[in-house]
Amino acid sequence: MKIDTGRDLQRDHAGRLRHLLTLEGLTRDELNGLLDFAQFYVRHPGDMAARDGSLAGRTVANLFFEPSTRTRVSFELAAKRLGADVVNLDMQSSSRVKGETVLDTIYTLQAMHVDVFVMRDSEPGVPAFVAAHVQPHVSVLNAGEAHVSHPTQGLLDMLTIRQRKGADFGSLSVAIVGDIRHSRVARSSGTALQTLGVGELRLVSPASLLPGEDEFPGARRYSSLEDGLRGADVIMTLRIQKERMDTSQIPDVDAFLREWGITERTITIAHQDAIVLHPGPMNRGVEITSEVADGPQSAVQQQVRNGVAVRMAVLATIVRNVQLRNVEAGRRVG
Ligand code: NCD
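Shown next, in the form of structure tokens:
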């Protein structure tokens, strides 16, 4: 069954973003617009975090049906720094476990004037399903959907690459390395890279962890780390997602590090100024060593910092679009 990624559903009648369910279908200008807006919220480490009142009077609910620390906290800080009220619901211990449907939970919270739902779920299609059922002024932001998509992570990866390598994606060779098959991050970042016109997109992974042939159109597939890393400007490492594998797929940790790990040795095969990304949480000593993760070519902390800025930009954008719709509706009445 083809999953409804919500690509058409995420726009309002005027074509503006109402939800953020997927990066599929967003134009290059739209992506760049969101990245420019996010850049406006980026501050140097040690400076005070950016803050404004774009979400004053709004309420954001974080609904995480899968474990998460960094993404949940990142959305929470983003919403609070824009002046919103924020509620965090630990969905792993509540409603669905008690038999309540997702929609009942959503309707209950909507009745309490929640304006934005930030959702993470292990089942494909849930964010789009919820988006199809909420009231017109309510928005859904996808914070990680099964293996399918993780749009704000894709955006923060693009912002990080742009800051370190410049906005000319056409001159870049990007290697996504490791467990691509199970990675929603790889899918969203891959979509964004293609839309931004990346020079070369490489998928570097053992055959068992490669995505389907119909995915990542235009990308080149490599079955050896050396070939895949040669001359790359950006190395995107991924977590081995054991929770999405059956036991036969789970690789031996030592063998994986030896053959596919980003280490002080293998990183030298890439361009000498190559940067290394990882969405976290990292399995140190499996897909990446500590020397690389904490080394000068690592952009991991910058990704985390950019994550809050990207989420602020997305929240402010969708709330501004709600306000625009209200103004237009007012004009029609008046
Ligand atoms: C990723 C996720 O949960 O999709 N992490 C994140 O959002 N920071 C990647 C992962 O879990 O491997």
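FYI, my numbering numbers position 274 of the sequence shown as 277, with every residue one higher than the one before it.
We put the beta carbon where it would ideally sit given N, CA and C, even for glycine.
Residue i CB to nearest heavy atom of the ligand NCD below 6 Å
i: Arg335; result: no
i: Gly283; result: yes
i: Gly147; result: yes
i: Thr74; result: yes
i: Gln156; result: yes
i: Val317; result: no
i: His153; result: yes
i: Arg242; result: yes
i: Val188; result: yes
Beta-carbon contacts of residue i that lie in its chain and below 8 Å, excluding the five residues immediately before and after
i: Met4; result: Caution is warranted here: a pLDDT of 42 is assigned to Met4, below 50, making its placement in the model unreliable, and the coordinate value is therefore given only provisionally. Answer for Met4: no residue qualifies.
i: Gln95; result: Phe67, Phe68, Glu69, Pro70
i: Glu290; result: Val180, Gly181, Asp182, Thr240, Leu241, Arg242, Ile243, Phe259, Leu260, Trp263, Gly264, Ile265, His281
i: Val325; result: Arg21, Asp118, His140, Ser142
i: Glu294; result: Thr266, Glu267
i: Gln305; result: Thr163, Gln166, Arg167
i: Glu331; result: Ala17
i: Ile321; result: Leu20, Arg21, His22, Leu23, Val119, Ser142, Leu144
Closest by C-alpha distance to residue i, when choosing among the options
i: Glu126; options: Ala312, Phe67, Leu212, Ile238; result: Phe67
i: Arg205; options: Met122, Val177, Ser226, Val188; result: Val177
i: Leu159; options: Gly231, Arg287, Gly283; result: Gly283
i: Thr111; options: Val133, Ser77, Val129, Gly128; result: Val133
i: Thr104; options: Thr74, His136, Ala81; result: His136
i: Ala146; options: Arg335, Arg73, Thr30; result: Arg73
i: Thr269; options: Phe43, Gln300, Ser211; result: Gln300
i: Val317; options: Ala82, Val279, Thr30, Val201; result: Ala82
Neighbourhood of residue i by C-beta distance below 7 Å, restricted to the same chain and skipping five residues each side
i: Arg328; result: Asp15
i: Ala17; result: none
i: Arg247; result: His150, His185
i: Ser191; result: Leu26, Ser152, His153, Pro154, Gln156, Gly157
i: His274; result: Gly234, Ala235, Asp236
i: Glu79; result: Asn65, Val89, Asn91
i: Arg84; result: Ala52, Ala53, Arg54, Met315
i: Thr194; result: Leu26, Glu27, Gly157
i: Gln341; result: Residue numbering for the chain in the displayed model covers 4 to 337; residue 341 lies beyond these limits and cannot be assessed.
i: Arg224; result: Leu206, Leu213
i: Ile272; result: Glu229, Leu232, Arg233
Close beta carbons around residue i, own chain, < 6 Å, minus the five adjacent residues each side
i: Val45; result: Ala312
i: Val117; result: Thr62, Ala64
i: Thr292; result: Thr266
i: Arg19; result: Asn324
is_contact[residue i, chain B] using C-beta, thresh 7 Å
i: Leu58; result: Reference to chain B is not applicable here, since this structure consists of a single protein chain.
| Which runs of the beta strand (DSSP E) spanning at least 3 residues fall entirely within the region 115-202, listed in chain order? | Whole beta strand (DSSP E) segments, 3+ residues: 119-124, 142-148, 176-180.
| Within the region 25-99, ranges of the beta strand (DSSP E) (whole runs, at least 3 residues) | Segments of the beta strand (DSSP E) lying fully in the region 25-99: 62-67, 88-93.
| field | Within the region 204-247, ranges of the alpha helix (DSSP H) (whole runs, at least 4 residues) | value | Runs found: 228-232.
| said: In chain order, what are the residue ranges of uninterrupted beta strand (DSSP E) at least 3 long that sit wholly in the region 240-285? | reply: Uninterrupted beta strand (DSSP E) stretches at least 3 residues long and entirely within the region 240-285 occur at 278-280, given in chain order.
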